[in-house]
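Report on the structure given below.
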Amino acid sequence: MPQAVLPEVLNTSFEAAKVVFPVPFVREKLEVVNQYIHSEELGVLIGLTHDLQGRLIIEGRAPVFQALGVAMYGMELTDAMLESFVGEIGNMVAGNMSTRLAENGIHVEISPPTVIVGPTKLTGFVTAAKVPLHLENIGVIHVILILDESE
Numbered sequence: 001m002p003q004a005v006l007p008e009v010l011n012t013s014f015e016a017a018k019v020v021f022p023v024p025f026v027r028e029k030l031e032v033v034n035q036y037i038h039s040e041e042l043g044v045l046i047g048l049t050h051d052l053q054g055r056l057i058i059e060g061r062a063p064v065f066q067a068l069g070v071a072m073y074g075m076e077l078t079d080a081m082l083e084s085f086v087g088e089i090g091n092m093v094a095g096n097m098s099t100r101l102a103e104n105g106i107h108v109e110i111s112p113p114t115v116i117v118g119p120t121k122l123t124g125f126v127t128a129a130k131v132p133l134h135l136e137n138i139g140v141i142h143v144i145l146i147l148d149e150s151e
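Residue 135 in UniProt numbering sits at position 135 of the sequence shown; the count goes up by one each step and never skips.
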């Protein structure tokens, strides 16, 4: 099931991002990642369970998340507040995505966010889909979806 629903889940995540992010964005070409994911500075990982098993990761550079915080809340977030904000971004996108998938008959539960701070190498998956989003006047973040294979 995972490979068959990958396009739907990705598109649903982009629709969710449109609701969460207060600025327009342009999706770049999907990159298939087979070895590891490198998060440069800051990100959030949300676990997906029930009908789909996997992870949703949103990652990017701290200044991009800071600019997104300004766009959303009118103030620059730093340190622990910025990390909390990144976790909440993951919650909002994954929660909205889960709701949209349920409307299409796919039940997805989401885990609490795991915030990723500093250069990080993520492994332990077969294939991931990574899509850069260019947020207008803000910068680039990456949406990464890992769907585990069904048994």
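Note that beta-carbon positions come from the ideal geometry of N, C-alpha and C, so glycine has one too. These figures come from a predicted structure and were not determined experimentally.
query: In the DSSP assignment, the beta strand (DSSP E) including G54 goes from what residue to what residue?; result: G54 to G60
query: Within the continuous beta strand (DSSP E) that includes T120, where are the two ends?; result: T120 to L122
query: Return the first residue and the last residue of the beta strand (DSSP E) that S39 is part of.; result: I37 to S39
query: Indicate the three-state DSSP secondary structure (helix, strand or coil) for V32 in the structure shown.; result: strand
query: Secondary structure at M1, three-state DSSP: helix, strand or coil?; result: For M1, the predicted model reports a pLDDT of 42, less than 50, meaning its position is unreliable; a value from the coordinates is still stated below. Reduced to three states, the DSSP call for M1 is coil.
query: Which partner residues of I116 appear in the DSSP bridge assignment?; result: G43
query: Excluding five sequence neighbours on each side, which residues of the same chain lie with their C-beta closer than 7 angstroms to the C-beta of T120?; result: S39
query: What does a CB cutoff of less than 7 angstroms around L77 pick up in its chain, not counting 5 residues either side in sequence?; result: Q66, G69 and F85
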